[in-house]
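Be aware that the sequence shown starts at 298, since it is given in this note's numbering, and climbs by one per residue.
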Amino acid sequence: MTGLPDSGSRTGPATADLAAGPGGAIDLSRWELQEPIGSSGSPTTISSSQLQGGFEDPYFFTDTDGAMTFWSPEKGVTTPNSNYPRSELRETEPGGGSANWSLSGTHRMSATLRVVSVTSSVCVGQIHLGEGGGSTKPLLELYYRSGGDIVLGTENSPDGGQTTHTIGHVPVGEKWSYTIGVSGGDTIDLTVDGSTTHYPIADSFKSYQQYFKAGAYNQSASDSTTQGAKVAFYALDVSHG
Numbered sequence: 298m299t300g301l302p303d304s305g306s307r308t309g310p311a312t313a314d315l316a317a318g319p320g321g322a323i324d325l326s327r328w329e330l331q332e333p334i335g336s337s338g339s340p341t342t343i344s345s346s347q348l349q350g351g352f353e354d355p356y357f358f359t360d361t362d363g364a365m366t367f368w369s370p371e372k373g374v375t376t377p378n379s380n381y382p383r384s385e386l387r388e389t390e391p392g393g394g395s396a397n398w399s400l401s402g403t404h405r406m407s408a409t410l411r412v413v414s415v416t417s418s419v420c421v422g423q424i425h426l427g428e429g430g431g432s433t434k435p436l437l438e439l440y441y442r443s444g445g446d447i448v449l450g451t452e453n454s455p456d457g458g459q460t461t462h463t464i465g466h467v468p469v470g471e472k473w474s475y476t477i478g479v480s481g482g483d484t485i486d487l488t489v490d491g492s493t494t495h496y497p498i499a500d501s502f503k504s505y506q507q508y509f510k511a512g513a514y515n516q517s518a519s520d521s522t523t524q525g526a527k528v529a530f531y532a533l534d535v536s537h538g
């Protein structure tokens with residue numbers, strides 16, 4: 298099913314304080330960071346407390362315009378269930394521990410960002426399956442393609458298979474905003490630069506808890522350490538209700 302335009306739309310969140318370090322006005326108490334380094338099959342994880350303490354390295358840093366920036370080269374350590382490296386935030390509980398929330402209720406992640414560079418495609422936001430079964434799939438992934446297309450991938454079932462929906466187009470290097478979320482336990486809501494579309498959630502996902510991810514999850518891999526995806530975030534906010 299393709300999404301239908303919704304006249305009720307939202308714009309993205311306000312721009313972060315660019316004078317601050319990584320995160321700026323972004324609340325990093327709700328996140329941990331996974332990086333494309335570490336040992337095979339076990340990427341390095343940076344805790345929320347480290348992020349709040351001003352952690353920076355070549356994969357997570359303040360860019361020249363003050364943005365919280367993620368760099369994921371094509372050559373890097375991956376998780377056991379992916380062929381692609383990432384520099385990506387994973388949602389946590391405010392007091393620590395992995396976030397896992399039910400599809401019931403209303404859950405939103407909003408961001409203002411720009412893709413600085415990308416080889417092929419990069420995932421800049423996800424709702425991922427958590428506890429509740431054996432699947433390691435996402436519920437959805439929001440991609441930015443090298444040609445400028447913004448594409449939503451909705452998973453067909455916890456067993457896999459993804460349907461893609463082209464949402465919009467933004468040239469490389471330009472700012473744009475998104476809000477991804479779920480409402481009522483059965484609907485995905487996506488807003489990109491003020492235009493909203495909705496997509497159904499299959500019943501097979503409802504036994505699973507969920508969590509948000511955001512950053513630069515590269516969708517291409519090679520032996521290159523200089524090619525990859527760089528994504529700059531100016532705002533990132535999560536809400537649950």
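Heads up, the beta-carbon is just placed ideally off N, CA and C, and yes, glycines get one too.
No experiment lies behind these values; they were computed from the predicted model shown.
Here's a check: name, in chain order, each residue in its chain whose Cβ is nearer than 7 Å to the Cβ of residue i, leaving out the five neighbours to either side.
| i | result |
| --- | --- |
| G430 | P455, S504 and Y505 |
| S542 | Only positions 298 to 538 of the chain appear in this structure, which leaves residue 542 out of reach. |
| R327 | E388, T389, P391 and V535 |
| G373 | P333, I334 and P382 |
| L533 | I323, A408 and A511 |
| G470 | R411 and V413 |
| G394 | none |
| G457 | K434 |
| H537 | W398, G402 and H404 |
Is it the case that the CB of residue i approaches a heavy atom of the ligand ADP more closely than 6 Å?
| i | result |
| --- | --- |
| F352 | Summarising the ligand content, the structure contains no ligands, and the ligand ADP is consequently not present. |
Name, in chain order, the residues that DSSP records as bridge partners for residue i.
| i | result |
| --- | --- |
| D534 | S407 |
| R327 | Its beta-bridge partners do not exist; DSSP assigns none. |
| S339 | S336 |
| Y475 | A408 and V489 |
| F357 | D354 and F367 |
| G321 | None; G321 has no bridge partner. |
| G470 | Answer is none; G470 lacks a bridge partner. |
What whole-angstrom Cβ distance do residue i and residue j have, given they're in contact under 8 Å?
| i | j | result |
| --- | --- | --- |
| T484 | P468 | No, T484 and P468 are not in contact; Cβ-Cβ is about 30 Å, not under 8 Å. |
| T433 | S517 | T433 to S517, Cβ: 20 Å. No contact. |
| T403 | G338 | The pair is not a contact, with the Cβ atoms about 36 Å apart (cut-off 8 Å). |
| G512 | L386 | 5 Å |
| T522 | P340 | Wrong, their Cβ atoms sit about 16 Å apart, outside the cutoff. |
| T409 | S474 | 5 Å |
| N397 | G427 | 4 Å |
| H466 | G445 | 5 Å |
Assuming residue i is part of the alpha helix (DSSP H), what are its boundary residues?
| i | result |
| --- | --- |
| S345 | S345 to Q349 |
Ignore the nearest five residues each way along the sequence and tell me which others in residue i's own chain have a CB closer than 8 Å to its CB.
| i | result |
| --- | --- |
| Q459 | E438, G450, T451, E452 and N453 |
| S399 | G482, Q506 and Q507 |
| R442 | V415, S417, S418 and V448 |
| D354 | E332 |
| N378 | T433 |
| A499 | N453 and S454 |
In its own chain, which residues sit with a C-beta less than 6 Å from the C-beta of residue i, not counting the 5 before and 5 after it?
| i | result |
| --- | --- |
| K527 | W368, V413 and S414 |
| D360 | T366 and A529 |
| I343 | L330 and F352 |
| D520 | K372 |
| Q524 | E371 and T416 |
| I464 | I447, L449 and V489 |
| Y514 | R383, E385 and C420 |
| M406 | I477, F509 and V535 |
| S346 | none |
| L325 | L348 and Q349 |
If I follow the unbroken beta strand (DSSP E) through residue i, where does it start and stop?
| i | result |
| --- | --- |
| E452 | D446 to E452 |
| G373 | G373 -> no beta strand (DSSP E), and no H or E assigned at all. |
| T361 | No beta strand (DSSP E) holds T361; DSSP gives it neither H nor E. |
| G457 | Careful: G457 lies outside any beta strand (DSSP E) and carries neither H nor E. |
**Request:** With a floor of 3 residues, list each beta strand (DSSP E) that falls wholly inside the region 477-527, ordered by position along the chain.
**Result:** Listed in chain order, the complete beta strand (DSSP E) runs (minimum 3 residues) inside the region 477-527 are 484-489, 492-497 and 507-515.
**Asked** In the region 382-438, which residue ranges form an unbroken beta strand (DSSP E) of at least 3 residues, counting only runs that do not cross its ends?
**Response** The qualifying runs are 383-388, 403-414 and 418-426.
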